[in-house]
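Heads up: the structure comes next, in structure tokens.
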Amino acid sequence: MTRADEVHHGLRAALLAGAFPYGQRLVEEQLAERFSTSRTPVREALRRLEGDGHVVRDRSGGVRPNAPRVTAMRELYAVRTVLEDLAVRTADPEQLDPLHEEWLELRAERDESPDFVYADESFHEAIAHASGNSATERYLHDINERIRVIRIHDFTTVDRIVTTIEEHLEILDALRSGKTDAGAALMRVHIERSAEVVERRVGELLTRMFEEERP
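The numbering of the sequence shown is this note's numbering, which starts it at 1 and goes up by one.
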């Protein structure tokens, strides 16, 4: 792991925990001191965090924490639910065997980091790919990229990662057994539960960010 990787992971964890008040400028020199490194790894980490949507750059070029928008999240989750329902109802069960094996391995490995969000995205996009509908897969990928900065809050605790893995395997078991309606129902509950967790955690994060901002 490079120094930029270390700063990226450490700073992202701090942002997810609401350690920086909303509106506070993230100064490279101060962050370099915080992480005992030079400004170059900090600059690279900030660039990556900006690309992920965790921070935003203002008109003067300063970088600040990005406050998640709950309303936008709800709208995108609503679209995602429709796309996921279409995907599970049209997915070819025979194409899901490799995905099932992959998630059995993940269950054994117990990935316990926010980076689990990428594995989660791959799961849902793999089902869309198995549907044979390239538009569904493309639109779902676009939605995932837009809500990643918010969805990552679903995977900041081990219990949610474990639950997500089990729910994914339940969905796959239903689809591979030809129980399409059951698979669709499980997927809907899975997404709704994730949205509830994310909205609650984002609300707690915003509360901390704005409380820290008060004089």
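In this text, a Cβ means the ideal position worked out from N, Cα and C, and glycines have one as well.
In this structure, Leu76 sits near Ile143, with a CB-CB distance shorter than 7 Å. The residue among Val158, Ala91, Glu125 and Arg64 with its C-alpha nearest the C-alpha of Asp115 is Val158. Contact check for Arg74 and Val117: beta-carbon distance about 19 Å, past the 8 Å limit, so the pair fails to qualify.
Under the criterion of beta carbons closer than 8 Å, Phe20 and Pro65 qualify as touching, at roughly 5 Å. Rounded to the nearest whole angstrom, the C-alpha separation of Ile165 and Leu104 is 8 Å.
With contacts defined as CB atoms closer than 7 Å, Ile191 and Thr81 qualify as a contacting pair.
Rounded to whole angstroms, the separation of the alpha carbons of Leu96 and Ala87 is 12 Å. Apart from the 5 residues on each side of it in sequence, Arg148 sits with its Cβ closer than 8 Å to the Cβ of Asp52, Gly53, Val117 and Glu121 in its chain, given in chain order. Taking a 10 Å sphere around the C-beta of Arg59, we find fewer than 16 other C-beta atoms and assign the residue as exposed. In this structure, Arg12 lies away from Gly62, with their beta-carbon atoms at least 7 Å apart.
Restricting attention to alpha helix (DSSP H) runs no shorter than 4 residues, the stretch 155 to 184 encloses them at 158 to 176, ordered along the chain. Bridge pairing for Pro65: Val55 [DSSP]. Assigned with DSSP and collapsed to three states, Phe123 falls in helix.
Taking a contact as a CB-CB distance under 8 Å, the pair Ala17 and Ala45 does not count as one, their CB atoms being some 16 Å apart. Its chain contains Leu96 and His100 as the residues whose beta carbon lies nearer than 6 Å to that of Leu172, once the 5 sequence neighbours on both sides are disregarded; these appear in chain order. DSSP, read as helix, strand or coil, puts Ser194 in helix. Shortest Cα-Cα distance from Glu145 to any of Ile161, Asp181 and His124 involves His124.
The Cβ atoms of Ala130 and Asp92 lie closer than 7 Å to each other. Excluding residues up to 5 positions away in sequence, Pro93, Leu96, Asp97 and His100 lie with their Cβ nearer than 8 Å to the Cβ of Arg176 in the same chain.
In this structure, the alpha-carbon of Lys179 lies about 24 Å from that of Ala135. In the displayed model, Gly132 falls within coil according to three-state DSSP, outside both helix and strand. Approximately 30 Å separates the beta-carbon atoms of Leu49 and Arg107; this is outside 8 Å, ruling out the contact.
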